[in-house]
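Colleague: Residue numbering for the sequence shown is 531 to 710, as defined by the working numbering.
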Amino acid sequence: MKNNNFFKVLLLLYCTYLGAYDRNNIFVGAGIGLSDNFVDTHTLIPSWYLLGGYEYKPIREASLMAYLESLMGIKPSGLNTNITMQVSLNVDMALELQVSQKMRFGPYVGFGFGYCREERAIVDDGEVNNMALLLLNFGLQSNLDESNVIRLGFKYPFDLKDIRKDMKLVHIFLSYAYKF
Numbered sequence: 531m532k533n534n535n536f537f538k539v540l541l542l543l544y545c546t547y548l549g550a551y552d553r554n555n556i557f558v559g560a561g562i563g564l565s566d567n568f569v570d571t572h573t574l575i576p577s578w579y580l581l582g583g584y585e586y587k588p589i590r591e592a593s594l595m596a597y598l599e600s601l602m603g604i605k606p607s608g609l610n611t612n613i614t615m616q617v618s619l620n621v622d623m624a625l626e627l628q629v630s631q632k633m634r635f636g637p638y639v640g641f642g643f644g645y646c647r648e649e650r651a652i653v654d655d656g657e658v659n660n661m662a663l664l665l666l667n668f669g670l671q672s673n674l675d676e677s678n679v680i681r682l683g684f685k686y687p688f689d690l691k692d693i694r695k696d697m698k699l700v701h702i703f704l705s706y707a708y709k710f
């Protein structure tokens, strides 16, 4: 019995040495970006989005974030106005390195599932594309003061009906989130 307690104490000291801690956060944020049509002609569509979710940090250097995101993009161009709406549930894993006393920086990668609607608003033919998406998320993340998260990222969507089919809109974005 004494040997078992010794290993528990040793494990606790080792975790303390690593700086391991169990931290859970709820976060909300917003972002801006560009959606680009790489398949046809380049059509840059300004977009913005809101997000909210949960972060689990078993150690300071790694975190797992699950969040709901709603994206909206509008490109007015006369009778050919493009509107994009997307709602997705994402899970990302981030690895962060200590840059200074109050700043951490590193890459993240993840995936998401969602729904996308693309339409041309004013055209008479009523061209509307509704699709289920599989999203690949990756980019760089910076944590400031353990409460502020800034991300520069890239979202590449795949159509769930045909994964090999290239999607029309790829999202490049800059976002800010505050952790409670």
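Heads up, the beta-carbon is just placed ideally off N, CA and C, and yes, glycines get one too. All figures in this text were calculated on a predicted structure; none of them were measured in a lab.
#1: Give the DSSP-derived three-state secondary structure of L490 in the structure shown.
#2: I need the straight-line Cα distance from N678 to A707, nearest angstrom please.
#3: Looking at R681 and Q628, is the spacing between their C-beta atoms short of 9 Å?
#4: Taking just the CA atoms, how far does V558 sit from F703?
#5: Suppose you measure from the CA of W578 to the CA of A662; what does that come to, to the nearest Å?
#6: Among the residues of its own chain, which have a CB less than 6 Å from the CB of M633, if the five just before and after it don't count?
#7: Only counting the same chain, and skipping five residues up and downstream in sequence, which positions put a Cβ closer than 7 Å to that of Y638?
#8: Could you name the residues that DSSP lists as bridge partners for G636?
#9: Return yes when the Cβ of H701 is within less than 9 Å of the Cβ of G583, no when it is not.
#10: With distances taken Cα to Cα, identify the nearest neighbour of L574 among L598, R553 and S607.
#11: Applying the 10 Å Cβ sphere with the 16-neighbour rule, what's the burial state of N620?
#12: From this set, E585, L598, Y686 and N535, which residue's C-alpha is nearest A560's C-alpha?
#13: Please look up how many angstroms separate the CB atoms of V617 and G636, rounded, as I've assumed it's under 8 Å.
#14: Excluding sequence positions up to five away, which residues of its chain have a Cβ less than 7 Å from the Cβ of S600?
#15: CB K685 to CB L665, shorter than 9 Å?
#16: Would S593 and L699 qualify as a contact pair, given that the criterion is a beta-carbon distance under 9 Å?
#17: To the nearest angstrom, how far is the alpha carbon of N554 from that of M602?
Modeller: In short, the structure shows the following:
#1: The requested residue 490 is not part of the displayed model; the chain covers only 531 to 710.
#2: In a straight line, the C-alpha of N678 is about 6 Å away from that of A707.
#3: Taking 9 Å as the Cβ cut-off, Q628 and R681 do not qualify as a contacting pair.
#4: Straight across, the Cα-Cα distance linking F703 with V558 is about 16 Å.
#5: W578 and A662 have their C-alpha atoms spaced approximately 20 Å apart.
#6: Cβ neighbours of M633 beyond the five flanking positions: L674.
#7: Answer for Y638: D622, M623, A624, F668, G669 and Q671, listed in chain order.
#8: Among the bridge pairs identified by DSSP, G636 is matched with Q671.
#9: No; because the gap between Cβ atoms is not below 9 Å, this pair is not in contact.
#10: In terms of CA proximity to L574, S607 leads the group L598, R553 and S607.
#11: If you draw a 10 Å sphere on the C-beta of N620, you find 16 or more other C-beta atoms in it, and that means buried.
#12: If we check each option's Cα against that of A560, L598 comes out closest.
#13: Not a contact, Cβ separation roughly 27 Å.
#14: Closer than 7 Å at Cβ, skipping near neighbours: Y579, L580 and V617.
#15: Yes, the pair counts as a contact, with Cβ atoms nearer than the cut-off.
#16: By the CB criterion at 9 Å, S593 and L699 fall outside the cutoff.
#17: Roughly 29 Å between the two C-alpha positions.
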